Every structure is written in C-alpha cells, then in structure tokens.
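Number of protein chains: 2
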Amino acid sequence: MFQAVTKTLSVASTTSACRGILLGIRHYCKKTPTKLRVSQALSGADLGANVKVQGWVRSVRPQKANVFLHVNDGSSLQPLQVVAGAELNDPLLTFGSAVEVSGILKKSPHKKQPVELEAEQITVIGECTPVDFPFKIKERHGLEYIRQFPHLRCRTNAFSSLLRIRSEATTAVHSYFRENDFVQIHTPIITSNDCEGAGELFQVKPSGPEIVEDEYFFSVPAFLTVPGQLHLEVISGAFSRVYTFGPTFRAENSQSRRHLAEFYMVEAEISFTESIEDLTKVMENMFKSATEHVLAHCVEDVDLFHKHVTPGHRDTVDAMMKSSFPVITYTEAVDILNRSSEKFTFPTDWGCDLKTEHEKYLVKHCGNAPVFVTDYPYDLKPFYARDNQDHPERTAAAVDLLVPGVGELCGGSLREERLDLLSARLEEAGLEDTYSWYLDLRRFGSVPHGGFGLGFERYLQCILGVDNIKDVIPFPRFSHSCLL
Amino acid sequence: MFQAVTKTLSVASTTSACRGILLGIRHYCKKTPTKLRVSQALSGADLGANVKVQGWVRSVRPQKANVFLHVNDGSSLQPLQVVAGAELNDPLLTFGSAVEVSGILKKSPHKKQPVELEAEQITVIGECTPVDFPFKIKERHGLEYIRQFPHLRCRTNAFSSLLRIRSEATTAVHSYFRENDFVQIHTPIITSNDCEGAGELFQVKPSGPEIVEDEYFFSVPAFLTVPGQLHLEVISGAFSRVYTFGPTFRAENSQSRRHLAEFYMVEAEISFTESIEDLTKVMENMFKSATEHVLAHCVEDVDLFHKHVTPGHRDTVDAMMKSSFPVITYTEAVDILNRSSEKFTFPTDWGCDLKTEHEKYLVKHCGNAPVFVTDYPYDLKPFYARDNQDHPERTAAAVDLLVPGVGELCGGSLREERLDLLSARLEEAGLEDTYSWYLDLRRFGSVPHGGFGLGFERYLQCILGVDNIKDVIPFPRFSHSCLL
Numbered sequence: 001m002f003q004a005v006t007k008t009l010s011v012a013s014t015t016s017a018c019r020g021i022l023l024g025i026r027h028y029c030k031k032t033p034t035k036l037r038v039s040q041a042l043s044g045a046d047l048g049a050n051v052k053v054q055g056w057v058r059s060v061r062p063q064k065a066n067v068f069l070h071v072n073d074g075s076s077l078q079p080l081q082v083v084a085g086a087e088l089n090d091p092l093l094t095f096g097s098a099v100e101v102s103g104i105l106k107k108s109p110h111k112k113q114p115v116e117l118e119a120e121q122i123t124v125i126g127e128c129t130p131v132d133f134p135f136k137i138k139e140r141h142g143l144e145y146i147r148q149f150p151h152l153r154c155r156t157n158a159f160s161s162l163l164r165i166r167s168e169a170t171t172a173v174h175s176y177f178r179e180n181d182f183v184q185i186h187t188p189i190i191t192s193n194d195c196e197g198a199g200e201l202f203q204v205k206p207s208g209p210e211i212v213e214d215e216y217f218f219s220v221p222a223f224l225t226v227p228g229q230l231h232l233e234v235i236s237g238a239f240s241r242v243y244t245f246g247p248t249f250r251a252e253n254s255q256s257r258r259h260l261a262e263f264y265m266v267e268a269e270i271s272f273t274e275s276i277e278d279l280t281k282v283m284e285n286m287f288k289s290a291t292e293h294v295l296a297h298c299v300e301d302v303d304l305f306h307k308h309v310t311p312g313h314r315d316t317v318d319a320m321m322k323s324s325f326p327v328i329t330y331t332e333a334v335d336i337l338n339r340s341s342e343k344f345t346f347p348t349d350w351g352c353d354l355k356t357e358h359e360k361y362l363v364k365h366c367g368n369a370p371v372f373v374t375d376y377p378y379d380l381k382p383f384y385a386r387d388n389q390d391h392p393e394r395t396a397a398a399v400d401l402l403v404p405g406v407g408e409l410c411g412g413s414l415r416e417e418r419l420d421l422l423s424a425r426l427e428e429a430g431l432e433d434t435y436s437w438y439l440d441l442r443r444f445g446s447v448p449h450g451g452f453g454l455g456f457e458r459y460l461q462c463i464l465g466v467d468n469i470k471d472v473i474p475f476p477r478f479s480h481s482c483l484l
Numbered sequence: 001m002f003q004a005v006t007k008t009l010s011v012a013s014t015t016s017a018c019r020g021i022l023l024g025i026r027h028y029c030k031k032t033p034t035k036l037r038v039s040q041a042l043s044g045a046d047l048g049a050n051v052k053v054q055g056w057v058r059s060v061r062p063q064k065a066n067v068f069l070h071v072n073d074g075s076s077l078q079p080l081q082v083v084a085g086a087e088l089n090d091p092l093l094t095f096g097s098a099v100e101v102s103g104i105l106k107k108s109p110h111k112k113q114p115v116e117l118e119a120e121q122i123t124v125i126g127e128c129t130p131v132d133f134p135f136k137i138k139e140r141h142g143l144e145y146i147r148q149f150p151h152l153r154c155r156t157n158a159f160s161s162l163l164r165i166r167s168e169a170t171t172a173v174h175s176y177f178r179e180n181d182f183v184q185i186h187t188p189i190i191t192s193n194d195c196e197g198a199g200e201l202f203q204v205k206p207s208g209p210e211i212v213e214d215e216y217f218f219s220v221p222a223f224l225t226v227p228g229q230l231h232l233e234v235i236s237g238a239f240s241r242v243y244t245f246g247p248t249f250r251a252e253n254s255q256s257r258r259h260l261a262e263f264y265m266v267e268a269e270i271s272f273t274e275s276i277e278d279l280t281k282v283m284e285n286m287f288k289s290a291t292e293h294v295l296a297h298c299v300e301d302v303d304l305f306h307k308h309v310t311p312g313h314r315d316t317v318d319a320m321m322k323s324s325f326p327v328i329t330y331t332e333a334v335d336i337l338n339r340s341s342e343k344f345t346f347p348t349d350w351g352c353d354l355k356t357e358h359e360k361y362l363v364k365h366c367g368n369a370p371v372f373v374t375d376y377p378y379d380l381k382p383f384y385a386r387d388n389q390d391h392p393e394r395t396a397a398a399v400d401l402l403v404p405g406v407g408e409l410c411g412g413s414l415r416e417e418r419l420d421l422l423s424a425r426l427e428e429a430g431l432e433d434t435y436s437w438y439l440d441l442r443r444f445g446s447v448p449h450g451g452f453g454l455g456f457e458r459y460l461q462c463i464l465g466v467d468n469i470k471d472v473i474p475f476p477r478f479s480h481s482c483l484l
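Protein chains in written order, with the UniProt record's numbering: chain F, 1 to 484; chain W, 1 to 484.
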C-alpha cells in the first residue's frame, strides 16, 4: 500500500500542481495502516489502530507545538480532527488541499468530536492555492454565492450536506415503493408524444449533419419527456403497482425559484383504484415515509439546514409529520379563497386555475400543513383525467397536494378508463389518431386506475426549507443557463 | 368495499368497453373480503380466508362442472388459479380481460400451485375481444413478435418477467453502492459539453417558436448527455465515492442488437485510487453482487429466460459467478489475437481498436468468462484518460470489461489528475477554454481518481442471454423508431 502511494507520488512529483510532499516519516517499518473513510474513523470502532485517512482539508489551525487539521472526504458532514506535531506543518497544508494522513486514532479530549487522528505522516496529494480558490477558510458563503461555482460548490459544507440528503432521499423513495410492492419502470426520456399538449417541449435532433436520410432521426419529431405518466399507464395495464423516478423537462422561459428546465419526478400509477383516496393515501404515506427516513439517516446534514440556512424550519417539518393531511375539494377551496379578506392578484372564480398565491393561502388556512385539493374543473384538466360526470359544475377526479413554502408538490388524477368517454374527448381535440395506442389500453382489459407525480426538488425544498430550487439539484438547468 | 366496487361498476356499465358484469353472488352478507395481490395470495399465508383478487386473465379453461382461470396482476410470474362453478362462466371471461374475483383461498390439490381461489363472485372489469387482441391464448409469442406492440407487450409472460428483473436489478445496483458507502448523484441529462468529442450527439432546442430572445434557450448549444462522467468527477472532488444511474444518449444510426439511442448507464467515480485494480475490483464486485441478488430474488422470472428463451444460458451465468475475472493488457490481447488461427475482418495490429469480433474471441479464449483488458494505446483514448508515460508504446490507464455474448460491458479509466499533463493535452486539442472548469478540478485539491460506466441493458442481456437489446428496455429508442 505504502509503496503504491509512494509510486503515485513520485510520478506526481514530476508535475507542478500535484507535487506530493512527504512531510516526515516517524516509523518506516510499522504495520501497513488500515485505510479508513472519515465516517468509519469517527465511528470510534478503530480506537488505537494505525490508520490512513484521505480527504480534503476543511480547516488548518497551526499552534505553537501542534497543527490541527479538519479532514473531510464526503462520507459525513463532520470532519476528522487531525493533530500533528508542528514539524509536520507545511505551507502547502491549505484549505481545500487534498491530503493523506497516517497515524493513530485516539479518543479526543474535546467534546466536539469523539475521536482524533494523531498524525505520524501527512502527505499533500493535491495543492490548493488559497488566493485562487473561490471559497475562503472560516467564511460561511451563502447558497447564492456558491451557486456561481457549480464545479466547486460540492466542496462546501452546505452543498455536500445537500448532496448526501438528496442521495438518501432518493433511497427513501425507492424503499417506500419497494416495501409496498411497486415495480420500478424506466420510462423513456425521448418520446414522440407531448402528453399534455402543453407546447413547452424540448425537441431532440442529432447535432451534426443529418445522419439518416429521413427528415427526422426517429422518422417522427421527438421530444424530451414531460411526464412519464402515459408510459407508466402502458405498464399499469399488466402491473397493478408501478412507479418511475427520473428526469423530466419543460422549456419554460422562467427564472423562478420553483422551476427548472430539467427536474426529477417521482411518478406512481395504481390499477384497480376505487376513489381518489387510493392516490392520496400513497402520496401522504410516501411523503411521510421518505421524510422519516431522511430525518433519521441524515441528522447532522438536515440540522445544518434547519439551524443555519432556514432557522425555525424544523417546526414546520415536525408539524407536517404529525398532521393528517386534510382533503378539500376545489369548490371548497374557491369558497375559502372568496371568503378570505386577502387581496389576490388573480381571480378566484369557480373555473379559474389556482395560482401560487392561492395555494399559499390555502396551506396557511389549513394550519401551515400539507393539504389535498381534489375535483378540479373538468375543463382545466388534460384529456386523461377521469370525468366525474357531476352537475351543474363538471369536475374531474384530479388532486393536487399543496405544501408550505412550495405550493404544489404533487399532482395526480384518476385516469379516464372508459373507452367511449376517452375516445370522445380525444376526438374533440383531434387527437384520436395520435393516441390510438393509448385508446388500445382501454380496448383490452381496461381497469380503473390513477396516478400522480411528485416534484423531487420541491420535496427537498419543502423538507429543508430551501428557498431556491437551484440549490437542491447538483447541476441546475434553466433558461440562459446550462453550466458544465 | 363491495359497495364502492359496485358503484364503480354501475358507472362503468353505462359505457360499452368497461361494462361490469356481476356473475353471481352466493353470500351477500359475509364479511368484507380482504384485498390481496396475487403474490400475497400465493404465499399461502391466508389459507381459508375470504379474499378479493384483481388482475388480468391469462388463461381460461371451461370444463363441465367448473371453469379454471389464471389471474395475474404483475406481482409475480405465477398466476393465481381460480376455480369457479360453471354457472360463473361467461363469454366475457376471455384471455386479456380484467377481472375481480372474491372467494375462499384453499390449498390446491395440484402440485403446480400451492393455493387456489374458490370463486364466489367474478366481475369482469374490462373486456378484451380476442380477435382484436394481438396476443393469443396458449401461444408462446417470440420476443420479436411482441416487440411490435410496445404498448401491450408487458402483458406477456416473458416481458413482464423482464420488467420485474429489470426493477430488481436496479435495486441491486443501488444496494451494492449504498452498502459500499457511495453517494448517488443525479448527473444532468442536458449538458453544454460533449465529453468525448464523439460528435454523435443529440441537440436540444425548444420545440415551439423560440421563446427566449437569444439564439439558444440556454444561451449555449445544449446536448443530451453521453456519459455523466465529467459531472461525476466534479463531485468526486469532495466525495471519495460517488455513482450515478440514469439514461444516456447516442445519435448513432445503428440498428444493431447491441446499441440504442437511449440507454441506461451505471457510472461510478472513486477518489484516491492507486491503480487500475481499484476500478476492476468495484466492477467485478458490483457485477457479482447485483447478479447474485437478481438470481436470488427473481428465481421464476430468470428461469423463464434460462429455460424457454435462451436454453443453456444458466451454465454461462454460473461460470461467470464462479470465475475470478482475469486481467490482461491490451498488448497481451493483441498478442492473443495475432497468435490465433481465427480469420478476423478487422486488423489486429498494435494501436487498432478492438472490435466486437476481437472481444468475442478474447472472451472465448478466457474460458467464456468475463475478462478485463487494460492499458489501451494512449491515442485511442479520450483526453481525460491517465497517461501511463510508458515506452516505447505509450498507453493510457484505461480498462474495458468484456463479457460472453455481449462484448464490451464496462469501460473505465484512471483520470489524468496532473494539471500540466491534462492542460497540455487539452491545449493540443484546442479545448483548454471549453474545459477550463475541468482543469479547475485539478487546480484545487486534485487527487488520483478513476471511474467506469456499465451499460445496464447489456448487463441484462448478459445475465439473461437475451440477444437483442430492444428486448430488455421498456421503450427502446433507435434510429427510425420512437414508438409512443
């Protein structure tokens, strides 16, 4: 192990930036140290052992007799404290540099950390010139500042916490569905249908000179998926519980703090539904199960957000977890809005779409807790939403979940499974040929079914209290911005 | 529960396709039956219970006194056998129709199934006219035939098995990385860099009239990602173990049985590497861990492929699992090819790329087991591959994993972490401005690192023995084809 490193370093030493500097070897012939990740070292299981830890320097405090380093390798928010004799100090031991430290793991005399590494050898693997590095030691940079450096911001505490939380939340979503017998389906990114007819689509073409003789590479115009729903409905014709979790796209010219051109959606489709409650149950359970998992598995990382980024947000989260999400109809929602003394910018007449200001008011009205709004006007909903066939105000069996701070988190509906009704609606829209395959799903063994989508970034905003959606995704894409 | 269903049915009965037919109720006032999924019913835990099962009819066998149905809901390959008195039979009980069956779960007198459902009530929820339905009862349709019906093929045994296996293999991949402390990163789909300069990219533009005043929506040309590697490398500057698992794209005009325009890649990036072995270990362990998981969790589904689709393939899989994947260098591989008596179409001189025919030969030469080929000619590899600085034949620290039937399954390399070498190579290619952010990763705390990508569809082909890549993805996209 030692030899291999030395070899790497001797190769590296022929170059300028990655010069390996051996800062003193006390014990040449000792047993090869065990390689540990920072989280493993912090667990305390290897107290007294001779170990090697590799990572990046997050702080350097030189004192008279000793130098103290904090070393982080992404495995936890908490760094490993390294204590080294002053003779091991070196001007290249700077904030942001990469190091390898060997020594003995000891119980720390300080309360702040359980263990510390008494260094016997420190090697600077990769230098980091403080004056050029955009992040400064001891400074707490805001999310907006670090957003300017998409290739470096993962090296800050806040964004590395976010990435661990995002990874854990992803696991939590998969676990929920797996435990509830859902089969995961990879719905396609490139599609020849536009689902909602929304028009805000990205089109996909080969970048070079056309490499097929056709007008189109795929023989038809091809777009980036808006939702995976229609494809998920295909599969739900044989699987009574399916879900997908992947990127979706909107070509919206928006710089809003709630919209991205590329964002992740969790979508589920359930067959043999009896009412909209079959959907709200899954939405609420998934929300709570995932949140519980994240709160339990990312204690320090979530705390960083709840203490330093959005103080006080933990109370909102706790309240959400305790609440039974109320269900109101769109008609009741409109009544609530019309009875309120609030002045809204957009109209609140029956038939109008609910805007962010309305959603926010409804959430506040319901005790700052998540609320389901069901049975929207039929004319507001896409062709696939199930007709409630009610009078005099015709509604569709659709549902949105509104949450504090974010507004709409989920949207779903029962789907029109009745061939004649669906057929008539598609014909009206001139779409019966485009969607003949979709009608086939109702021709052969059609069943009542429904599903929903949850915006994953909005979910993270909701539980962390992060104001801007660009701060909860590794590489945000929006109009005028596609960095890296 | 009963009432709700009846309500659904009475609504449905106003329409043609989804007419609900109540076929006889023996016991009106009995306890509400427990709703079970087919896999739950088959587990035998509810023997003697009054249950309700919903699904699709996979076979109908009317006899003198009884009618036998097989009902499937996607939760397992094995259907639930329903036994009903002849009086419950109905012409609408056809192959492909959707039904709801209530009755008592009993131990089956037949060896083939552990339990059967003695029906008290059968409701046809969705009809399926046999003459129009493209799949026929008792016929085993080939994969090529069912591929013509992308919206219906999940209703066949083979493709529903594939979907369950794919879902389970996805879980297995995530589990492997999670258990080994990797953080999952959602690398972007839309990107402004083309990574390999391969040229076979899809470009992304808003489909409607331009909605931003700029020439480009993102202010720069934007493409669909080829690999997530460069973005993963960004994160590996703060996290020593990261991975991503998502769709990637190639605008190749290919109809090959190994290529798609949209396919899934598992990519991992590991910091503080010492040699290429740090990568081969992870590739081999992940392959074996995922395969072990799939073989253990999808016994019946995998058997369907190994018995009926590709007889004999199980031996190949077992041999792969037992083998320690050998490692040979590219130079050794070329020697093997040149010493062989095989006539190759493409040249095998040192410096030439290995083609499928060569890969197949090497796999066969190594006992029809997976084999790693390392240290490819420097000039064959992209700018980010680490220069081995060897003489006289200059190689790069790159590695491919070749497997039986498929050829290249994984490709990876150590990355050039030395700023001066990387910088010189990018300058040579005129790319130093485009990749200045990538050079930054080497300016600030650079560490030796490397990674690899695994083609997920090829992995499924490899373990199942499926010849055509279009048969292991729910919605295949390739030149001239983007159905649904």
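Virtual Cβ for every residue (Gly too), placed ideally from N, Cα, C.
Bear in mind that the values here come from a model prediction, so they are computed numbers and not experimental data.
Rounded straight-line distance, which links the Cα of residue j to that of residue i
i, j, result
"I25 of chain W", "D301 of chain W", "Bear in mind that a pLDDT of 41 at I25 of chain W, under 50, signals an unreliable position, so the number given afterwards is only what the model happens to contain. Their backbone Cα atoms lie some 36 Å apart in a straight line."
"R241 of chain F", "G412 of chain F", "15 Å"
"M320 of chain W", "F218 of chain W", "46 Å"
"K107 of chain F", "A86 of chain F", "20 Å"
"Y28 of chain F", "E342 of chain W", "Residue confidence is low: Y28 of chain F scores 44 on pLDDT, short of 50, so the model does not pin down where it sits. Its coordinate-derived value is still stated next. In a straight line, the C-alpha of Y28 of chain F is about 53 Å away from that of E342 of chain W."
"V67 of chain W", "V51 of chain W", "19 Å"
"D471 of chain W", "T244 of chain F", "19 Å"
"R147 of chain F", "Q78 of chain F", "22 Å"
"F223 of chain W", "V406 of chain W", "28 Å"
"S167 of chain F", "S481 of chain F", "24 Å"
"P33 of chain F", "R443 of chain W", "29 Å"
"L9 of chain F", "L421 of chain W", "Confidence in L9 of chain F is poor, its pLDDT being 30 and thus under 50, which makes the residue's placement unreliable; the coordinate value appears in the next sentence. Taking the straight line from one Cα to the other gives about 15 Å."
"P62 of chain W", "K35 of chain W", "25 Å"
"V183 of chain F", "N468 of chain W", "23 Å"
Supposed close pair residue i, residue j - CB separation, criterion 8 Å
i, j, result
"V57 of chain W", "S102 of chain W", "V57 of chain W to S102 of chain W, Cβ: 15 Å. No contact."
"I336 of chain F", "L354 of chain F", "No, I336 of chain F and L354 of chain F are not in contact; Cβ-Cβ is about 11 Å, not under 8 Å."
"I463 of chain F", "V294 of chain F", "7 Å"
"D400 of chain F", "E408 of chain F", "5 Å"
Chain-ordered chain F contacts of residue i [CB-CB under 8 Å]
i, result
"C462 of chain W", "Near C462 of chain W there are no residues of chain F at all, since even the closest Cβ is about 18 Å away, more than 8 Å."
"D181 of chain W", "R37, S39 and S75"
"D132 of chain W", "R443 and F444"
"V220 of chain W", "C482"
Listed by chain order, chain W residues near residue i by CB distance under 7 Å
i, result
"F217 of chain F", "A251 and S479"
"G126 of chain F", "G445, S446 and V447"
Within chain W, partners of residue i - CB distance below 8 Å
i, result
"Q54 of chain F", "S240, S271, F272 and V447"
"S192 of chain F", "C482, L483 and L484"
"F223 of chain F", "S207"
"S167 of chain F", "V183, Q184 and I185"
Closer than 7 Å at the beta carbon, the chain F residues around residue i
i, result
"A98 of chain W", "G445, S446 and V447"
Cβ-heavy atom distance, residue i to the ligand NAD, below 7 Å
i, result
"D400 of chain F", "Here there are no bound small molecules, and the ligand NAD is not part of this structure."
Within chain W, partners of residue i - CB distance below 9 Å
i, result
"residue 498 of chain F", "This structure gives no information on residue 498 of chain F, because the portion of chain F shown stretches from 1 to 484."
"H358 of chain F", "Near H358 of chain F there are no residues of chain W at all, since even the closest Cβ is about 26 Å away, more than 9 Å."
Kindly provide the ranges of any alpha helix (DSSP H) runs that are 4 or more residues long and lie completely inside the region 162-239 of chain F, ordered along the chain.
-> 229-235
Within 8 Å of chain W by C-beta, residues of the region 436-461 of chain F in sequence order = Of all residues in the region 436-461 of chain F, W437, Y438, D440, L441, R442, R443, F444, G445, S446, V447 and P448 have a Cβ within less than 8 Å of some Cβ in chain W.
Would you list, in sequence order, the uninterrupted beta strand (DSSP E) runs of no fewer than 3 residues that lie entirely inside the region 31-63 of chain W?
-> 34-36 and 50-62
In chain order, what residues of the region 254-288 of chain W put their CB closer than 8 Å to some CB of chain F?
-> A261, E262, Y264, S271, F272, E274 and S275
The region 143-165 of chain W: which residues have C-beta closer than 8 Å to a C-beta of chain F, in chain order?
-> Hits within the stretch, in order: P150, H151, L152, C154, R155, S160, L163 and R164.
Quick one: which residues of the region 376-409 of chain F get their C-beta closer than 9 Å to a C-beta of chain W? List them in chain order.
-> Q389
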